[in-house]
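Student: Just so you know, the sequences run in chain order A and B. Under numbering that gives the first Met the number 0, the residue at position 120 of the first sequence is numbered 119, and the numbers go up by one with no gaps. Under numbering that gives the first Met the number 0, the residue at position 3 of the second sequence is numbered 2, and the numbers go up by one with no gaps. For glycine and all other residues, C-beta sits at the position ideal for the given N, C-alpha and C.
Protein chains: 2
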Amino acid sequence: MDSTNLKMLAKELNLSISTVSKALRDSHEIGESTKNRVIALAKKLNYQPNPHASSLRKQKSKTIAVIIPEIANNFFSLAINGIESIAQERDYHVLIYLTHEDYNKEVNIIKHLQGGRVGGVIMSLSSDTKNFDHLHELTAHNIPIVFFDRICHEIETAKVTTDDFQGGLAATEHLIINHCKNIGFASISDTLSIDNKRMQGYLEALNKHNIKPNKSSIVKCTNSETNNYNKIKKILSSKNPPDAIFASIEKLAITIYEVCNELKIKIPEQLKVICFSNLSTAHLMKPSLSAIKQPAFEMGKEAASILFKHLDKNRTFIPNEHIILKSTLVARGSTIIK
Amino acid sequence: MDSTNLKMLAKELNLSISTVSKALRDSHEIGESTKNRVIALAKKLNYQPNPHASSLRKQKSKTIAVIIPEIANNFFSLAINGIESIAQERDYHVLIYLTHEDYNKEVNIIKHLQGGRVGGVIMSLSSDTKNFDHLHELTAHNIPIVFFDRICHEIETAKVTTDDFQGGLAATEHLIINHCKNIGFASISDTLSIDNKRMQGYLEALNKHNIKPNKSSIVKCTNSETNNYNKIKKILSSKNPPDAIFASIEKLAITIYEVCNELKIKIPEQLKVICFSNLSTAHLMKPSLSAIKQPAFEMGKEAASILFKHLDKNRTFIPNEHIILKSTLVARGSTIIK
DNA sequence: TTTATTTACGAAAACGTTGTAGTATTTTTT
DNA sequence: AAAAAATACTACAACGTTTTCGTAAATAAA
Numbered sequence: 000m001d002s003t004n005l006k007m008l009a010k011e012l013n014l015s016i017s018t019v020s021k022a023l024r025d026s027h028e029i030g031e032s033t034k035n036r037v038i039a040l041a042k043k044l045n046y047q048p049n050p051h052a053s054s055l056r057k058q059k060s061k062t063i064a065v066i067i068p069e070i071a072n073n074f075f076s077l078a079i080n081g082i083e084s085i086a087q088e089r090d091y092h093v094l095i096y097l098t099h100e101d102y103n104k105e106v107n108i109i110k111h112l113q114g115g116r117v118g119g120v121i122m123s124l125s126s127d128t129k130n131f132d133h134l135h136e137l138t139a140h141n142i143p144i145v146f147f148d149r150i151c152h153e154i155e156t157a158k159v160t161t162d163d164f165q166g167g168l169a170a171t172e173h174l175i176i177n178h179c180k181n182i183g184f185a186s187i188s189d190t191l192s193i194d195n196k197r198m199q200g201y202l203e204a205l206n207k208h209n210i211k212p213n214k215s216s217i218v219k220c221t222n223s224e225t226n227n228y229n230k231i232k233k234i235l236s237s238k239n240p241p242d243a244i245f246a247s248i249e250k251l252a253i254t255i256y257e258v259c260n261e262l263k264i265k266i267p268e269q270l271k272v273i274c275f276s277n278l279s280t281a282h283l284m285k286p287s288l289s290a291i292k293q294p295a296f297e298m299g300k301e302a303a304s305i306l307f308k309h310l311d312k313n314r315t316f317i318p319n320e321h322i323i324l325k326s327t328l329v330a331r332g333s334t335i336i337k
Numbered sequence: 000m001d002s003t004n005l006k007m008l009a010k011e012l013n014l015s016i017s018t019v020s021k022a023l024r025d026s027h028e029i030g031e032s033t034k035n036r037v038i039a040l041a042k043k044l045n046y047q048p049n050p051h052a053s054s055l056r057k058q059k060s061k062t063i064a065v066i067i068p069e070i071a072n073n074f075f076s077l078a079i080n081g082i083e084s085i086a087q088e089r090d091y092h093v094l095i096y097l098t099h100e101d102y103n104k105e106v107n108i109i110k111h112l113q114g115g116r117v118g119g120v121i122m123s124l125s126s127d128t129k130n131f132d133h134l135h136e137l138t139a140h141n142i143p144i145v146f147f148d149r150i151c152h153e154i155e156t157a158k159v160t161t162d163d164f165q166g167g168l169a170a171t172e173h174l175i176i177n178h179c180k181n182i183g184f185a186s187i188s189d190t191l192s193i194d195n196k197r198m199q200g201y202l203e204a205l206n207k208h209n210i211k212p213n214k215s216s217i218v219k220c221t222n223s224e225t226n227n228y229n230k231i232k233k234i235l236s237s238k239n240p241p242d243a244i245f246a247s248i249e250k251l252a253i254t255i256y257e258v259c260n261e262l263k264i265k266i267p268e269q270l271k272v273i274c275f276s277n278l279s280t281a282h283l284m285k286p287s288l289s290a291i292k293q294p295a296f297e298m299g300k301e302a303a304s305i306l307f308k309h310l311d312k313n314r315t316f317i318p319n320e321h322i323i324l325k326s327t328l329v330a331r332g333s334t335i336i337k
């Protein structure tokens with residue numbers, strides 16, 4: 000069974016294709032009675048317009064791409080949830096692409112999208128993206144990008160983040176208040192602005208409380224889990240280990256927990272841990288994980304709303320705008336000795 | 000800047016559109032030197048074929064839809080990961096739709112897809128889907144569906160699951176071996192076959208060990224978290240509470256943990272807990288969570304491979320086939336008293 | 001040499017939709 | 001009553017591909 004199209008409806012109703020098309024789109028050019036006839040038959044035959052024909056003709060597609068580093072991660076899956084909720088409301092479709100933190104994959108995906116498959120893109124940068132030519136090229140093709148969380152400052156467009164500096168500052172001050180003297184920072188990337196901002200917050204907190212930052216307490220992590228594990232293990236088994244670590248992302252906190260399990264380091268007694276996280280089981284961990292919780296769902300919704308607003312108005316250029324949502328510090332067992 | 004198309008390439012090269020098209024698709028009808036000229040210019044001008052035009056003309060779209068109940072859930076996000084990995088390899092695009100366990104949303108999504116936006120669908124049923132007309136209709140429109148995990152037996156097609164019966168049996172036997180006498184089961188749906196299979200495994204284990212099943216130890220949960228919380232709280236605070244619960248899905252185990260925290264019930268001493276789960280932090284919970292771990296990533300890969308294989312061959316009908324992957328029991332602190 | 005066959009291209013018709021530019025009617029205005 | 005305007009439709013050309021069919025020229029077979 001081939002799906003019904005305008006031609007079939009038109010023939011059945013003894014009308015022209017254009018009349019049927021217009022009737023279905025509720026054009027004022029078509030009389031009430033005809034409209035009703037058309038709509039009735041369309042419903043009866045379960046007519047669904049061919050999206051490819053429509054996209055081709057209108058030169059836009061009610062489809063967006065979401066490009067993220069990974070999906071098995073609560074922050075990103077919640078963000079997608081937010082994006083999808085708005086998309087479903089506004090009748091947009093959502094394509095998913097994963098970069099797995101790989102710059103080359105990111106470039107490839109973006110290149111593919113230049114053909115016009117989507118009207119716009121919502122993305123979070125891969126951690127090893129240092130060059131932004133591919134993004135410039137995409138916007139030059141009139142495909143707007145809205146960034147969330149891992150944003151790119153180089154591109155003039157809308158960006159949605161949380162107050163990462165404040166978050167880093169709050170997390171670190173929380174550790175200071177809880178009597179930590181040698182606070183470490185675990186980063187994931189040199190280039191990612193969220194990571195930088197969080198570190199700046201961390202440094203500012205130390206500075207504010209007259210603590211001299213200790214270069215050797217900053218762990219530069221990568222995408223390699225085993226690598227990270229070893230780096231963290233090394234620093235935690237050094238002569239002068241930190242008494243707290245603020246991790247830029249959840250995954251690193253998990254690794255810290257694992258290393259502590261191996262080294263029999265007690266959290267929070269010997270080491271306090273806090274990180275940016277949206278883990279739904281944070282409160283059930285041993286010990287429960289103190290975290291800066293980002294409004295991931297809302298960030299997704301916000302990014303999607305901005306993009307759809309522009310797409311609906313056929314604006315392919317989105318002016319600079321930085322939406323900063325508030326994250327909240329949830330203090331739990333990993334930083335507080337009961 | 001409008002993106003380059005065949006017409007522009009043709010004009011620039013003094014060739015016809017068809018020649019350019021054929022050259023780019025490496026047709027034998029075109030001479031080597033012309034091919035090279037075309038390919039060179041295409042690369043130079045960063046030509047990307049318009050996917051809508053191509054899909055319209057070819058009547059197929061190298062795009063699939065993935066329909067799942069939710070995404071903020073390790074099982075599903077890992078499955079998507081698997082699907083996406085194969086899709087990226089084979090140059091397919093992946094649309095995501097979330098039903099949020101809502102039958103009406105599921106129907107709506109499926110109806111939308113009848114227009115031919117996608118070549119095929121990979122899906123996991125919503126927990127309250129009892130009627131399958133919408134799915135029959137979609138396949139009648141020549142859009143194949145491959146099911147994974149929450150499959151629909153009514154539709155003749157390929158299905159990918161784990162050995163849910165075996166899993167339920169193994170989980171329950173594990174509890175029996177660990178001296179549980181009154182084992183409860185927490186289900187999510189009457190209709191979902193995975194839930195039924197898991198419960199059958201549970202009942203079979205009881206039967207095998209001559210334990211009389213206790214109707215009141217079976218908690219029928221729903222999509223309402225507070226509802227589930229109250230039901231579980233009620234059963235755990237009854238006169239004769241179960242000494243173990245096997246939860247059909249991860250989310251219910253989380254709720255059980257939370258109820259136990261409130262009621263000060265000690266896991267595993269007073270209550271042992273095991274569930275189907277892919278939680279990445281299961282080993283870091285308090286207590287660490289015993290689980291039947293499904294190969295979610297592989298399930299996604301498998302489902303995608305089957306679908307793409309058929310789409311590539313223009314086969315819109317997929318014969319019945321049931322791929323059953325093995326899940327593994329990981330015994331941890333929630334069922335074992337150290 | 002004549003006739004087949006191959007090679008290398010081009011013209012044109014789809015795919016299903018949308019939007020512009022008509023054209024008969026009917027209705028309103030003057 | 002004539003002119004203007006509104007109503008309700010249709011024809012047709014796009015949108016950018018792909019593919020079938022056609023056709024010259026070059027090569028091979030007879």
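#1: Would the C-beta of Arg89 of chain B count as close to the ligand GDP, meaning under 8 Å from any of its heavy atoms?
#2: Please look up how many angstroms separate the CB atoms of Ser333 of chain A and Ser287 of chain A, rounded, as I've assumed it's under 8 Å.
#3: Going along the chain, which residues of its own chain have a beta-carbon closer than 7 Å to the beta-carbon of Ala330 of chain A, five neighbours each way excluded?
#4: Assuming the contact rule is C-beta atoms closer than 8 Å, Gly118 of chain A and Leu310 of chain A should be a hit. Round their C-beta distance to whole Å, please.
#5: Between Ala303 of chain A and chain B, is the shortest Cβ-Cβ distance under 9 Å, so that the two count as touching?
#6: Would you mind telling me which residues of chain A sit closer than 8 Å to Pro48 of chain B, beta carbon to beta carbon, in chain order?
#7: For chain B, find out if any of its Cβ atoms is closer than 9 Å to the Cβ of His309 of chain A; answer yes or no.
#8: Could you tell me whether any Cβ in chain A is nearer than 9 Å to the Cβ of His135 of chain B?
#9: Where Asn209 of chain B and Met284 of chain B are concerned, what is the direct C-alpha to C-alpha distance, given to the nearest angstrom?
#10: Name the chain A residues whose beta carbon is nearer than 9 Å to that of Glu105 of chain B?
#11: Please report how far the alpha carbon of Val37 of chain B lies from the alpha carbon of Leu23 of chain B, in whole angstroms.
#12: Can you pull the DSSP bridge partners for Lys292 of chain B?
#13: Can you check the segment 82 to 124 of chain A for any beta strand (DSSP E) of at least 3 residues that lies completely inside it and give the ranges in chain order?
#14: Going along chain B, which residues have a C-beta under 9 Å from Asn45 of chain A?
#15: List the residues that DSSP assigns as beta-bridge partners of His321 of chain B.
#16: Tell me which same chain residues have a C-beta within less than 7 Å of the C-beta of Val258 of chain A, skipping the five on either side of it?
#17: Measure the alpha-carbon distance for Ile322 of chain B versus Ile322 of chain A and round it to whole angstroms.
#18: Relative to the C-alpha of Asp242 of chain B, which candidate in B:Ile266, B:Ser223 and B:Thr225 has its C-alpha closest?
#19: Under 9 Å, Cβ to Cβ, is there at least one residue of chain A near Lys285 of chain B?
#20: Buried or exposed: Gln58 of chain A, going by 16 or more other Cβ atoms within 10 Å of its Cβ?
#21: Using DSSP with H/G/I as helix, E/B as strand and the rest coil, what is Thr225 of chain B?
#22: If you measure beta-carbon to beta-carbon, which residues of the segment 63 to 91 of chain A are closer than 7 Å to chain B?
#23: Can you tell me which of the three DSSP states Phe275 of chain B falls into?
#24: What does Val65 of chain A pair with, by DSSP beta-bridge criteria?
#25: When the Cα atoms are used, what is the spatial distance from Gly114 of chain B to Asn130 of chain B?
#26: Which chain B residues sit within Cβ distance under 7 Å of Ser54 of chain A?
#27: Would you check if the distance between the CB atom of Ile109 of chain A and the CB atom of Val93 of chain A is smaller than 9 Å?
#28: Please tell me whether Ile142 of chain A and Leu97 of chain A are closer than 9 Å, where the distance is taken between their beta carbons.
#29: How would you write the range of the beta strand (DSSP E) that Ser186 of chain A sits in, first residue to last?
#30: Work out the CA separation of Arg197 of chain B and Ile82 of chain A for me, nearest whole Å.
#31: Let's see if you can read the secondary structure: which residues bound the alpha helix (DSSP H) around Phe164 of chain B?
#32: I'd like to confirm the pairing. Which residues does DSSP put opposite Met284 of chain B in its beta bridges?
#33: Return the chain-ordered list of same chain residues with a C-beta closer than 7 Å to the C-beta of Ile391 of chain A, the five sequence neighbours on each side being excluded.
#34: Compare the C-beta of Val93 of chain A with all C-beta atoms of chain B and state if any pair is closer than 9 Å.
#35: Return the residue from the list A:Lys207, A:Leu12 and A:Asn319 that minimises the CA-CA distance to Ile176 of chain A.
#36: Taking the C-alpha atoms as reference points, what is the distance between Phe75 of chain B and Ser76 of chain A?
Tutor: In terms of the structure at hand:
#1: As presented, the structure is devoid of all ligands, the ligand GDP included, so that no description of it is given.
#2: The beta carbons of Ser333 of chain A and Ser287 of chain A sit about 7 Å from each other, so the pair counts as a contact at 8 Å.
#3: The beta carbon of Ala330 of chain A is closer than 7 Å to those of His173 and Ser289 in its chain, skipping five residues each way along the sequence.
#4: So it is a contact: roughly 5 Å between Cβ atoms.
#5: With a threshold of 9 Å between beta carbons, Ala303 of chain A makes no contact with chain B.
#6: Ordered by position in chain A, the residues that pass the 8 Å Cβ test against Pro48 of chain B are Gly114.
#7: Not an interface residue.
#8: Interface with chain A (9 Å Cβ-Cβ cutoff): His135 of chain B is excluded.
#9: Distance between the alpha carbons of Asn209 of chain B and Met284 of chain B is about 33 Å.
#10: Scanning chain A for C-beta atoms nearer than 9 Å to the C-beta of Glu105 of chain B yields nothing, as the closest lies near 12 Å away.
#11: C-alpha separation (whole angstroms): 7 Å.
#12: Lys292 of chain B has B:Thr327 as its beta-bridge partners, per DSSP.
#13: Inside the segment 82 to 124 of chain A, DSSP marks whole beta strand (DSSP E) runs of 3 or more residues at positions 92 to 97 and 119 to 122, from first to last along the chain.
#14: Going along chain B in sequence order, the residues near Asn45 of chain A (Cβ under 9 Å) are Lys110, Gln113, Glu136 and His140.
#15: Looking at the DSSP assignment, His321 of chain B forms a beta bridge with B:Lys158.
#16: The residues are Tyr228, Ile231, Lys232 and Leu235.
#17: Rounded to the nearest angstrom, the gap between the Cα atoms of Ile322 of chain B and Ile322 of chain A is 46 Å.
#18: It is B:Ile266 whose Cα lies nearest to the Cα of Asp242 of chain B.
#19: At a cut-off of 9 Å between C-beta atoms, Lys285 of chain B counts as an interface residue with respect to chain A.
#20: Exposed is the call here.
#21: The DSSP-derived three-state label of Thr225 of chain B is helix.
#22: For the segment 63 to 91 of chain A, which is checked against every Cβ of chain B, the residues closer than 7 Å are Ile70, Ala71, Asn73, Ser76, Leu77, Ile79, Asn80 and Glu83.
#23: It is a strand residue.
#24: In DSSP, Val65 of chain A forms a bridge with A:Ile95 and A:Ile121.
#25: Near 21 Å, if we compare the C-alpha coordinates of Asn130 of chain B and Gly114 of chain B.
#26: Among the residues of chain B, those whose CB is under 7 Å from the CB of Ser54 of chain A are His51, following chain order.
#27: It is not a contact, given that the beta carbons lie outside the stated cut-off.
#28: 9 Å or more divides the Cβ of Ile142 of chain A from the Cβ of Leu97 of chain A.
#29: Ser186 of chain A -> beta strand (DSSP E) spans Ile182 to Ser186.
#30: Going by the C-alpha atoms only, they are around 33 Å apart.
#31: In this chain, the alpha helix (DSSP H) harbouring Phe164 of chain B covers Asp163 to Ile176.
#32: Looking at the DSSP assignment, Met284 of chain B forms a beta bridge with A:Met284.
#33: Not covered by the structure: residue 391 of chain A. The range shown for chain A is 0 to 337.
#34: For Val93 of chain A, at least one C-beta of chain B is nearer than 9 Å to its own C-beta.
#35: For Ile176 of chain A, the nearest C-alpha among the options comes from A:Lys207.
#36: Straight-line Cα distance between these residues: approximately 10 Å.
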